[in-house]
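Below: one structure, written as C-alpha cells.
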Amino acid sequence: MRLTIMQQTARRYTLDRMGHHDIDEVARIERGSFSSPWPMAAYRRELRRTEQNTYLVLRTDPNAHHSEDERGGVLSHLPFGGILRRDADVDAHRIAGFAGMWQLYDEAHVTTIAVDPRLRGRGFGEALFVALLAEATKRGTTWLSLEVRASNRVAQRLYEKYELSTYSRRKGYYTNDGEDALVMWSRSLRDPAYVARLNALRDQLQRKIGEAVEVPRLHDVGWQQRLTHPIGAG
Ligand SMILES: CC(C)(COP(=O)(O)OP(=O)(O)OC[C@H]1O[C@@H](n2cnc3c(N)ncnc32)[C@H](O)[C@@H]1OP(=O)(O)O)[C@@H](O)C(=O)NCCC(=O)NCCS
Numbered sequence: 253m254r255l256t257i258m259q260q261t262a263r264r265y266t267l268d269r270m271g272h273h274d275i276d277e278v279a280r281i282e283r284g285s286f287s288s289p290w291p292m293a294a295y296r297r298e299l300r301r302t303e304q305n306t307y308l309v310l311r312t313d314p315n316a317h318h319s320e321d322e323r324g325g326v327l328s329h330l331p332f333g334g335i336l337r338r339d340a341d342v343d344a345h346r347i348a349g350f351a352g353m354w355q356l357y358d359e360a361h362v363t364t365i366a367v368d369p370r371l372r373g374r375g376f377g378e379a380l381f382v383a384l385l386a387e388a389t390k391r392g393t394t395w396l397s398l399e400v401r402a403s404n405r406v407a408q409r410l411y412e413k414y415e416l417s418t419y420s421r422r423k424g425y426y427t428n429d430g431e432d433a434l435v436m437w438s439r440s441l442r443d444p445a446y447v448a449r450l451n452a453l454r455d456q457l458q459r460k461i462g463e464a465v466e467v468p469r470l471h472d473v474g475w476q477q478r479l480t481h482p483i484g485a486g
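Just so you know, we're using this note's numbering here: the sequence shown kicks off at 253 and counts up by one.
Right, dumping it as C-alpha cells:
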C-alpha cells in the first residue's frame, strides 16, 4: 500500500543538515507532532553545537523532477518556472521531517524525530531514524538511546523494528502532562552482526521507498576498529 503511494509521486527528498533557515518549518512540524513542542530558540541553540549534535531534515530535492500537482499548479505554467517552482515547493511542504541527536561519549541520544503529519506512513520516519543510526556509527558511538512516551506505540514499533529494547521507565518524565517515558537502547553498534542486520533493514526500506529518498548505510565501526587496533598491537 505504501509502495503504491510512492509510485504515484515523483517527489524526491534528500537528507540534509538542518540549517537556521529551516527552523520555521521545523517548528511548524513540531507543533503538529508534539504536545509540548520545543521553542525555536532551542533549535537555534542546538545548531550552534555541531561537534556534539546532529540535526537532519528531509527536504525536497530542488533538482528532482516533480509532477505538475506537486509543483504547485498554475504557478508552474508561468515564465521563469524554475524560480516559481521553488516558491511553490515552499508552500507544498518543503521539509517532510526532521530528526536530531546528541553525542555523549560512546552514546548517541536521539532528542527528536518527526514527520509532517500529511506525509506519515511512507517510510520517511524510518529513513530519518536510519540516518541517525548511520551518523552514530560514523561518529564511532557504541550505543543509541532515546526516551519515548509510554503511549507512543507508533514510535516504539519503529524503534523495536531496529531492535531497540526498553531498559527502564521514567515516571512522570513529560512535565506538561506527567506521562511516563520508556528509555530504549540499541544493541552494541560495534557488533558487526547487529550492524549487518540494521543494514539489511535499511536495504529493505530503500527497496520500499525507491527513489523518493537515498537512505545512508551504517558504518561497521567494529571493523574499522579492528583495522586501527590490530590484534596483538597492545
Ligand atoms: C514516529 C514517526 C516519526 C514515524 O514516522 P513515519 O514516517 O510515519 O513512519 P514510517 O512510515 O517510516 O514507518 C516506519 C515504522 O514505524 C512503525 N509505524 C509507522 N506507522 C505506524 C502505525 N500507524 N502503526 C504502527 N506502527 C507504525 C512501523 O514499525 C513502521 O515500519 P513498517 O512499515 O515496516 O511497519 C511519526 O509517526 C511522527 O512524526 N510522530 C509524531 C512525533 C513522534 O511521536 N516522534 C517520536 C518521538 S520519540
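Glycine included, C-beta positions come from ideal geometry on N, C-alpha and C. What you are looking at is a predicted structure, and each value in this text was computed from that prediction instead of being measured.
Please list, in chain order, all residues of the same chain as residue i whose beta carbon is under 7 Å from its beta carbon, the five residues on each side excluded.
i    : result
R311 : Y265, T266, D268, R346 and I347
I275 : M292, Y295 and R296
T393 : Q355, D358, E359, A360 and L441
E298 : N305, Y307 and G352
V367 : A348, G349, F376 and G377
H272 : R296 and L299
Closest to residue i by C-alpha separation, out of the options, would be which residue?
i    : options                   : result
K460 : G349, A379 and N315       : A379
Y425 : V400, A407 and Y419       : V400
R421 : V406, L398, L384 and A448 : L398
T389 : H272, T306, H273 and E298 : T306
G430 : L308, S403 and D368       : S403
P369 : G284, G271, V278 and R469 : G284
Y446 : G375, P289, E298 and A386 : A386
Q458 : W354, S288, T302 and G375 : G375
D443 : E415, E282, A407 and L410 : E415
R349 : H273, W395, I281 and D432 : Contrary to the premise, residue 349 reads as Gly rather than Arg in this sequence. With distances taken between Cα atoms, G349 lies closest to I281.
R300 : T418, K423, S288 and M270 : M270
E412 : L396, R263 and L470       : L396
R409 : F381, D455 and K423       : F381
D313 : R263, V278, F286 and S288 : R263
I365 : A279, T427, D472 and H272 : A279
E303 : R391, H471, R405 and D432 : R391
Quick one: what's residue i bridged to in DSSP?
i    : result
V447 : None, per the DSSP bridge assignment.
F350 : V309 and A366
T266 : R311
Here's a check: name, in chain order, each residue in its chain whose Cβ is nearer than 8 Å to the Cβ of residue i, leaving out the five neighbours to either side.
i    : result
A383 : L267, L308, A351, V467 and P468
T427 : S288
N315 : none
Spatial neighbours of residue i within its chain, please: CB distance less than 6 Å, with the 5 preceding and 5 following residues excluded, ordered by chain position.
i    : result
A407 : V400
T418 : L434 and M436
L470 : L385, A386, T389, V447, L450 and N451
State yes or no: is the C-beta of residue i nearer than 7 Å to some heavy atom of ligand 2?
i    : result
V367 : Looking for ligand 2 in the displayed structure turns up nothing; the ligands present are ligand 1.
**Request:** Inspect the CB distances between the region 455-471 and the region 431-438 and report whether three or more fall short of 8 Å.
**Result:** Output reads no: the region 431-438 does not touch the region 455-471.
**Request:** Report the residue ranges of all alpha helix (DSSP H) runs contained in full by the region 380-453; include only those spanning at least 4 residues, in chain order.
**Result:** Counting only runs of 4 or more residues that sit fully inside the region 380-453, the alpha helix (DSSP H) segments are 405-413, in chain order.
**Message:** Does the structure place the region 446-456 close enough to the region 354-374 that three or more beta carbon pairs sit under 8 Å?
**Reply:** No contact exists between the region 354-374 and the region 446-456.
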